[in-house]
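Below is one structure, written out as structure tokens; comments come after it.
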Amino acid sequence: MQILDRHLVKAVVDLAVFLEFSSEDILDADASIAAMEQLASELGLMPEENKREFVEITLGLAPGYGEKEGFVSGLAQSLGLQEK
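Just so we're aligned, residue 18 is where the sequence shown starts under this note's numbering, counting upward by one.
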């Protein structure tokens, strides 16, 4: 049974991509880091089942991000939702 909506996970991934790859002309680096840390903190509160599902959905979405596929594939691990 799917608990997380694919579109919700994609919105989180899109936000993370924006935070990671926006130039300092667009977004202050400290603000970007703070937002990514807050995102990780909130997502870290999810139950383990939801974290596993987030990982699965993220990995499925990754190929659609072209040159950012590696970042998206490793996002769950970077956010502390998946062990190395």
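All C-beta atoms, glycine included, are put in the ideal place defined by N, C-alpha and C.
Excluding sequence positions up to five away, which residues of its chain have a Cβ less than 8 Å from the Cβ of residue i?
i	result
Leu56	Val29, Leu32, Ala33, Leu36 and Leu96
Glu66	Ile20
Ser90	Thr75, Leu76 and Ala79
CA-CA distance, residue i and residue j?
i	j	result
Phe71	Val26	7 Å
Ser58	Ala51	10 Å
Glu41	Phe88	19 Å
Gly81	Asp47	28 Å
Pro64	Leu98	10 Å
Leu76	Arg23	11 Å
Gln94	Arg69	11 Å
Ser49	Leu92	15 Å
Under the assumption that residue i contacts residue j (Cβ atoms under 8 Å), give the Cβ distance between them as a whole number of angstroms.
i	j	result
Ala79	Glu86	5 Å
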